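Novice:
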Amino acid sequence: MQSKLPWALFVVLFSTQPFAEDLQLEDLETITVSATPINIDDAGSAVSIITRQDILNRNAVSIQSLLSEIPGFAVSQLGAQGSVSQLRVRGAEANQVLVLVNGIEMNDLSQGSEFDFSQISMNDIERIEIVRGPQSALWGSDALAGVIHIITMSEVDSTLYDASLEAGSFSTQRATFAVRHGSARNQIKFSADYLDSGGTNISRAGREDDGLENLTLSLSGRSTLNDEISVSYTVRHTNKTTEFDEFDFFTTGLPVDADNETESDYLYAGFKISHDISDRFDHSLSLARTDTDNETSTSNPVNTITRGTRDAIKYQLNYIEGSNRLSVLAEHEIEEFEQRGEASFFGDPNQYQDTETDSFAAEYRYDGDRFNFSLSARHDNNSDFDNAESWRATANIKLTGVTLYGSVGESIKNPTFSERFGFYTNFIGNPDLEPEESLHWELGARSSFLDDKLDVALTYFNADLENEINGFVFDFNSGGFTADNIDGKSERSGVEFEAGYSPNDRINLKATYTYVDTTQEDFAGKDVTEVRRPEHSGSLSMNYRWPRANLNFVVIYTGEQDDDFFPPYPPYQERVELDAFTLVSLSGHYKVNELVTMTARLENITDENYEQVIGFESPGFGGYLGLRLNW
-6 MQSKLPWALF
4 VVLFSTQPFA
14 EDLQLEDLET
24 ITVSATPINI
34 DDAGSAVSII
44 TRQDILNRNA
54 VSIQSLLSEI
64 PGFAVSQLGA
74 QGSVSQLRVR
84 GAEANQVLVL
94 VNGIEMNDLS
104 QGSEFDFSQI
114 SMNDIERIEI
124 VRGPQSALWG
134 SDALAGVIHI
144 ITMSEVDSTL
154 YDASLEAGSF
164 STQRATFAVR
174 HGSARNQIKF
184 SADYLDSGGT
194 NISRAGREDD
204 GLENLTLSLS
214 GRSTLNDEIS
224 VSYTVRHTNK
234 TTEFDEFDFF
244 TTGLPVDADN
254 ETESDYLYAG
264 FKISHDISDR
274 FDHSLSLART
284 DTDNETSTSN
294 PVNTITRGTR
304 DAIKYQLNYI
314 EGSNRLSVLA
324 EHEIEEFEQR
334 GEASFFGDPN
344 QYQDTETDSF
354 AAEYRYDGDR
364 FNFSLSARHD
374 NNSDFDNAES
384 WRATANIKLT
394 GVTLYGSVGE
404 SIKNPTFSER
414 FGFYTNFIGN
424 PDLEPEESLH
434 WELGARSSFL
444 DDKLDVALTY
454 FNADLENEIN
464 GFVFDFNSGG
474 FTADNIDGKS
484 ERSGVEFEAG
494 YSPNDRINLK
504 ATYTYVDTTQ
514 EDFAGKDVTE
524 VRRPEHSGSL
534 SMNYRWPRAN
544 LNFVVIYTGE
554 QDDDFFPPYP
564 PYQERVELDA
574 FTLVSLSGHY
584 KVNELVTMTA
594 RLENITDENY
604 EQVIGFESPG
614 FGGYLGLRLN
624 W
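Position one of the sequence shown corresponds to residue -6 (the numbering used here), numbered consecutively onward.
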């Protein structure tokens, strides 16, 4: 791939990131669990945090490996770095988890309302807040199984600069730059992250590498205008070009080498003004826009462009008195979908669609010393399909030596534009689709042992999905495929375990394990395991610190999982099993002086050969060296 910015790799000859002190999670407040900030230890849901220090310790370039260590998460990547990456939470579909950046929805409605995690650059991320379980009552349709909130706002009291340069396997080069400025009333941060990689071969047959080029620019800030009024803002733009292969529908039914690429532009922008009316009342008004543009060029030639925009305005009023909190929300959202392309044998893809949603939600929360409780509800008034209601209740009880928590709620997932209107004329959309509904509950316990050196959490979850939308229903009238709400339930249940042990200030050990059982009824009414959900998965990690250095070792295990294969002969769907695999990585840094730090990272040390999606080969062993500079 020809680099558009070759000079960017030489602008900064050294590399940097400030090495922040480890955050104490019990002191953090997270805004994704509740309508107003809540201490993590008071949450009635399973919550995980990825801190800035975690990102630096791993020398992380992509978010996928970090999310693979989160209990209940299953990542599926279509081969090389930069390829489409899906995330399934607790066995849910990839478009049933909501992704936010500073409160702005990032899910791409032009791509089935999924979020492609391969677009995320890590340079501007301060922390990632994750809450699992039913979240639609506060966050709407896409939050059926959980919320991932990416925070880029920083807190500094001076002006800091940092930059980095890294190079390594697969002709990979990366350069970053960031400046942060903070004072008593203002915080502002600008960040740039450029990544160029020659890539690896994705298909089982052939030798062509599929590369990636990604440039992300980000600006975020917060200003306190006076003692009562503050504003915050975010603008984040990503330009990403990804090469990919095509399917051999007539011979193997698997990917084969092809000169295809997709150029994507993602824009996320938001503005929020907050006003403290009194000691008891405060309110806020926020505006947000998500704009995605995906242009695909293939060798067929069948070139398509898909565009999606989401404009949202939200008002929130909070009342706080003692241990009681009441929040009321009103939101108006406009979504627009456009598809353009050349008419071909497969049909005419050109279409423009839009929809509007008016939402009203409320949350009551009681925050006591030993008992916390919340109850929330939401009504979505949809312009083009059935209205929907969602609700959630949580509780948290602190006993001697252990905290018990639990939640129960009903969440929804609206039908996507593709499901309602189709891709081409041989895929017939179904405008009469109804929202999917999920009744989801969880029970868990967390505790600390050995003078708070060992932290342990265990969670059981259970979810039943009704009105599930099947996108591959054969329509005998048209002779093509369509989408339809199917009878029966999709059942999901499992156990999540995580433990962290820090015997001293130098050593930190973590372990996670997830068991998940996901089934749905097939056409014959028989329960079958859903695809791309490993029954067993887990991770082990160790971080060791010296005064001037750090070493991080991670092992991630993904168990056997099923996938669907569509062979050309006979022409019907076939269920196949993907082998289990284990990925081992090692990373570290050495602080030469206050200005310069050397970094190194080894990925897939054992050169494991594996597939996360049938037919898509993943990268082998990779090694990377870099420098970081901060001043």
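From the three backbone atoms N, C-alpha and C, an ideal C-beta is built for every residue, glycine too. Predicted model, so just to flag it, every value in this text is computed and none were measured.
Can you list, in chain order, the residues of its chain with a C-beta nearer than 8 Å to that of H372? Leave out the 5 residues immediately preceding and following it.
Specialist: So the list reads S352, F353, A354, N380, A381 and E382, once near-sequence residues are dropped.
Novice: How many whole angstroms separate the CB atoms of G105 and V82, which I take to be in contact at a CB cut-off of 8 Å?
Specialist: At roughly 16 Å, the Cβ-Cβ gap does not stay under 8 Å, so G105 and V82 are not in contact.
Novice: Alpha helix (DSSP H) containing R51: first to last residue?
Specialist: Where R51 is concerned, the enclosing alpha helix (DSSP H) stretches over R45 to R51.
Novice: Can you tell which of I24, F240 and V40 has its C-alpha closest to the C-alpha of M146?
Specialist: Taking only the C-alpha atoms, the option nearest M146 is I24.
Novice: DSSP three-state call for Q605: helix, strand or coil?
Specialist: If DSSP states are grouped into helix, strand and coil, Q605 belongs with coil.
Novice: List the endpoints of the continuous beta strand (DSSP E) containing A130.
Specialist: Segment S129 to W132 is the alpha helix (DSSP H) holding A130; no beta strand (DSSP E) there.
Novice: Quick one: using the 10 Å Cβ neighbour count with 16 as the cut-off for buried, is E429 buried or exposed?
Specialist: Buried, because 16 or more other Cβ atoms sit within 10 Å of the Cβ of E429.
Novice: Could you check the C-alpha separation between G161 and F442 for me, to the nearest Å?
Specialist: The straight-line gap from Cα to Cα measures roughly 42 Å.
Novice: Pull up the distance between the alpha-carbon of A542 and that of M591, whole angstroms please.
Specialist: Going by the C-alpha atoms only, they are around 9 Å apart.
Novice: Can you grab the Cα-Cα spacing for the pair L392 / F414, in whole Å?
Specialist: When rounded, the distance between both Cα atoms is 52 Å.
Novice: Check whether the Cβ atoms of Y453 and V401 lie closer than 8 Å to each other.
Specialist: Contact flag unset, no.
Novice: How about the stretch 429 to 440 and the stretch 99 to 113: do they share at least three Cβ pairs that are nearer than 8 Å?
Specialist: No: fewer than three Cβ pairs fall under 8 Å.
Novice: Can you check whether the CB of G72 is closer than 8 Å to the CB of F609?
Specialist: Contact flag set, yes.
Novice: Kindly indicate which three-state DSSP category Y617 falls into: helix, strand or coil?
Specialist: Looking at Y617 - three-state DSSP - the assignment turns out to be strand.
Novice: Beta-carbon of A456 versus every beta-carbon of chain C: anything under 8 Å?
Specialist: Of the chains in the structure shown, none is chain C; there is only one protein chain.
Novice: I'd like the span of the beta strand (DSSP E) that includes S532, first residue to last.
Specialist: It spans H529 to R538 - the beta strand (DSSP E) in which S532 sits, taken as one unbroken run.
Novice: For D20, count neighbouring Cβ atoms within 10 angstroms of its own Cβ and tell me buried if that reaches 16, exposed if not.
Specialist: With a pLDDT of 49 at D20, under the threshold of 50, the modelled position of this residue cannot be trusted; read the value that follows with caution. It counts as exposed.
Novice: What runs of the alpha helix (DSSP H), each 4 residues or longer, lie entirely inside the stretch 453 to 537?
Specialist: Entirely contained in the stretch 453 to 537, not one alpha helix (DSSP H) run reaches 4 residues.
Novice: Closest by CA to L618, which one among V26, T165 and P30?
Specialist: Here the closest residue by C-alpha is T165.
Novice: What is the rounded straight-line gap between the Cα of P342 and the Cα of E331?
Specialist: Going by the C-alpha atoms only, they are around 10 Å apart.
Novice: Give the straight-line distance between the Cα atoms of F546 and A198, rounded to the nearest whole angstrom.
Specialist: Roughly 33 Å between the two C-alpha positions.
Novice: Determine the closest residue to N586 out of L210, L576, R621 and T297, with distance taken between C-alpha atoms.
Specialist: Answer by Cα proximity: R621.
Novice: Hey, could you find the ends of the beta strand (DSSP E) E206 is sitting in?
Specialist: Here the beta strand (DSSP E) through E206 covers D202 to T217.
Novice: Indicate the three-state DSSP secondary structure (helix, strand or coil) for S184 in the structure shown.
Specialist: Here S184 sits in strand by DSSP.
Novice: Is it a yes or a no for the stretch 169 to 179 touching the stretch 119 to 127, going by three-plus beta-carbon pairs under 8 Å?
Specialist: The stretch 169 to 179, when compared against the stretch 119 to 127, does not touch it at the 8 Å Cβ threshold.
Novice: So, does the stretch 277 to 287 touch the stretch 296 to 310, judging by three or more C-beta pairs under 8 Å?
Specialist: Result yes; three or more Cβ-Cβ pairs closer than 8 Å.
Novice: Would you check if the distance between the CB atom of V449 and the CB atom of A492 is smaller than 8 Å?
Specialist: Yes. Within cutoff.
Novice: Which ranges would you report for the beta strand (DSSP E) in the stretch 553 to 588 if only whole runs of at least 3 residues count?
Specialist: If we require 3 residues or more, the beta strand (DSSP E) runs fully inside the stretch 553 to 588 come out as 554 to 558, 567 to 571 and 574 to 584.
Novice: Quick test of the definition: if touching needs 3 or more C-beta pairs under 8 Å, does the stretch 177 to 189 touch the stretch 79 to 99?
Specialist: Touching, no.
Novice: Pull up the distance between the alpha-carbon of L205 and that of T44, whole angstroms please.
Specialist: Near 26 Å, if we compare the C-alpha coordinates of T44 and L205.
Novice: Determine the closest residue to Y259 out of D252, N253, I266 and L210, with distance taken between C-alpha atoms.
Specialist: Of the listed residues, the one whose Cα sits closest to Y259 is L210.
Novice: Where does A53 land, buried or exposed, given buried means 16+ other C-beta within 10 angstroms?
Specialist: So A53 counts as buried.
Novice: I'd like the span of the beta strand (DSSP E) that includes F414, first residue to last.
Specialist: Run containing F414: none in the beta strand (DSSP E); it sits in the alpha helix (DSSP H), F410 to F414.
Novice: What residues in its chain sit with their C-beta under 6 Å from that of L319, if we drop five residues either side in the sequence?
Specialist: Within the same chain, L319 has close Cβ partners Y312 and Y357.
Novice: Just to confirm, is the Cβ distance from E403 to P127 under 8 Å?
Specialist: Cβ distance < 8 Å, so E403 and P127 count as in contact.
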